[in-house]
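UniProt numbering puts the first residue of the sequence shown at 1, with every later residue one more than the last.
Each remark here refers to the structure printed beneath this line.
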Amino acid sequence: MATKFFLKLVILGAPGSGKGTISNRMIRDFKLTYFAVGDCLRDHMKQQTEIGKEAKRYIEQGKLVPDSTINQLVINELRERFQQKSWLLDGYPRNREQTLELWRQPDEFRPNAVINLIVPDDEIIERIKHRWVHLPSGRIYHMIYSPPKNPGVDDETGEPLTQRNDDKPDVIKARLHEFHKQNDEIVKLFREKKIVHDFEGRESDIIYPKIKTFLEQFIRSNTAASAA
Numbered sequence: 001m002a003t004k005f006f007l008k009l010v011i012l013g014a015p016g017s018g019k020g021t022i023s024n025r026m027i028r029d030f031k032l033t034y035f036a037v038g039d040c041l042r043d044h045m046k047q048q049t050e051i052g053k054e055a056k057r058y059i060e061q062g063k064l065v066p067d068s069t070i071n072q073l074v075i076n077e078l079r080e081r082f083q084q085k086s087w088l089l090d091g092y093p094r095n096r097e098q099t100l101e102l103w104r105q106p107d108e109f110r111p112n113a114v115i116n117l118i119v120p121d122d123e124i125i126e127r128i129k130h131r132w133v134h135l136p137s138g139r140i141y142h143m144i145y146s147p148p149k150n151p152g153v154d155d156e157t158g159e160p161l162t163q164r165n166d167d168k169p170d171v172i173k174a175r176l177h178e179f180h181k182q183n184d185e186i187v188k189l190f191r192e193k194k195i196v197h198d199f200e201g202r203e204s205d206i207i208y209p210k211i212k213t214f215l216e217q218f219i220r221s222n223t224a225a226s227a228a
């Protein structure tokens, strides 16, 4: 008897790599259930679940939430909400231990493909350094691609825009250095499982059609294998 094939995807990419844009397009085109781990953790904190309260204690002390807590959150969510679904996991794993823990799970909770976005650092720095934000609303402007109607102020309120410290070139370079250090280890582990697929370029509009073509072929070949 044929079993239904489900896409189980992890997306990897540096801050500013277009991961959000590409994720939205994959969700739209392939009817994926989106699992953003950062958003999920914030929801748990808001709802004051046990995991949420534990995470909040670490954050209030200025500490990173430990891998054991993040792993528990992700595995519980996958088991409770993502069985018999096609899904896209974003924001996890972030290091070697999280990657190993994900791979220790039963096959139905492991990814069958990793979408690895490779965008040159100089392109990322160029994108992010022109980004300004209206802090009260979270509205983001890009001074080249999506500038405000009037320089330096929010379109809706007329209030001043701010450049976040994280978006300044020196800070971006430091973040990218740390990202590559962790991500290279994650990619290496997933490559050993032969599930990494690299997509390289400077623009999401050029990268995404390659991802779409790959996923369409990936679904076809795996659906045929499931039916055999």
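Glycine residues also receive a C-beta, built at the ideal position from the N, C-alpha and C atoms.
Problem - Rounded Cβ spacing between P160 and V153 (contact assumed at less than 8 Å) - result: Taking the first residue of the sequence shown as position 1, residue 160 is located at position 160. Taking the first residue of the sequence shown as position 1, residue 153 is located at position 153. So it is a contact: roughly 6 Å between Cβ atoms.
Problem - For P209, the three-state DSSP class (helix, strand or coil) - result: To locate residue 209, count along the sequence shown from 1; it is residue 209. It is helical.
Problem - Q98, buried or exposed, once every other Cβ within 10 Å from all chains shown has been counted against 16 - result: The residue given as residue 98 occupies position 98 in the sequence shown. Q98 is buried by the Cβ-count criterion.
Practice task
For T223, I'd like the list of residues in its chain whose CB is within less than 7 Å of its CB, leaving aside the five on either flank, ordered along the chain.
Solution key: In the sequence shown, residue 223 corresponds to position 223, counting from 1. These residues qualify, in order along the chain: F5.
Handout entry: Proximity below 8 Å, CB of I186 to CB of R104
Key = For the purposes of this step, residue 186 is identified with residue 186 of the sequence shown, where counting begins at 1. For the purposes of this step, residue 104 is identified with residue 104 of the sequence shown, where counting begins at 1. Going by C-beta atoms, I186 is not nearer than 8 Å to R104.
Exercise for the section: Kindly indicate the opening and closing residues of the alpha helix (DSSP H) around A174. Expected result: Position 174 of the sequence shown, counting from 1, holds the residue named residue 174. Start and end: 169 to 192.
Handout entry: Three-state class that DSSP yields for D198 in the structure shown
Key = To locate residue 198, count along the sequence shown from 1; it is residue 198. Three-state DSSP puts D198 in a strand.
Problem - Rounded straight-line distance, which links the Cα of G38 to that of P209 - result: Residue mapping note: residue 209 aligns to position 209 of the sequence shown, counting from 1. Residue mapping note: residue 38 aligns to position 38 of the sequence shown, counting from 1. Whole-angstrom Cα-Cα distance: 27 Å.
Practice task
Locate the alpha helix (DSSP H) running through F30, then write down its first and last residues.
Solution key: Counting from one through the sequence shown, the residue named residue 30 turns up at place 30. Counting along the chain, the alpha helix (DSSP H) containing F30 begins and ends at 19 to 30.
Practice task
Leaving aside the five residues before and after residue 238 along the sequence, list all residues of the same chain whose C-beta is less than 6 Å from its C-beta, in chain order.
Solution key: A question about residue 238 goes unanswered here, because the residues of the chain that appear run from 1 up to 228.
Handout entry: Whole-angstrom C-beta distance between T33 and F82, which should lie under 8 Å
Key = Working through the sequence shown from its first residue, we reach residue 82 at position 82. Working through the sequence shown from its first residue, we reach residue 33 at position 33. Right, the Cβ-Cβ distance comes to about 6 Å (below 8 Å), so this counts as a contact.
Exercise for the section: On a CA-only basis, which of D155, P151, H130 is nearest I144? Give me that one, please. Expected result: Numbered from 1 along the sequence shown, position 144 holds the residue referred to as residue 144. For the residues D155, P151, H130, the minimum Cα distance to I144 belongs to H130.
Practice task
Under the assumption that A55 contacts M45 (Cβ atoms under 8 Å), give the Cβ distance between them as a whole number of angstroms.
Solution key: As a working mapping, residue 55 is identified with position 55 in the sequence shown. As a working mapping, residue 45 is identified with position 45 in the sequence shown. Separation of the CB atoms of A55 and M45 is rounded to 6 Å, and the pair is thereby assigned contact status at 8 Å.
Handout entry: Contacting residues, own chain, Cβ-Cβ under 7 Å from T162 (five flanking each side not counted)
Key = For the purposes of this step, residue 162 is taken as residue 162 along the sequence shown, with counting starting at 1. Hits under 7 Å: W132, V133, L135.
Problem - Contact test: M45 Cβ vs the ligand NAD heavy atom, cutoff 7 Å - result: Annotation note on the ligand NAD: not contained in the displayed structure, which lists no ligands.
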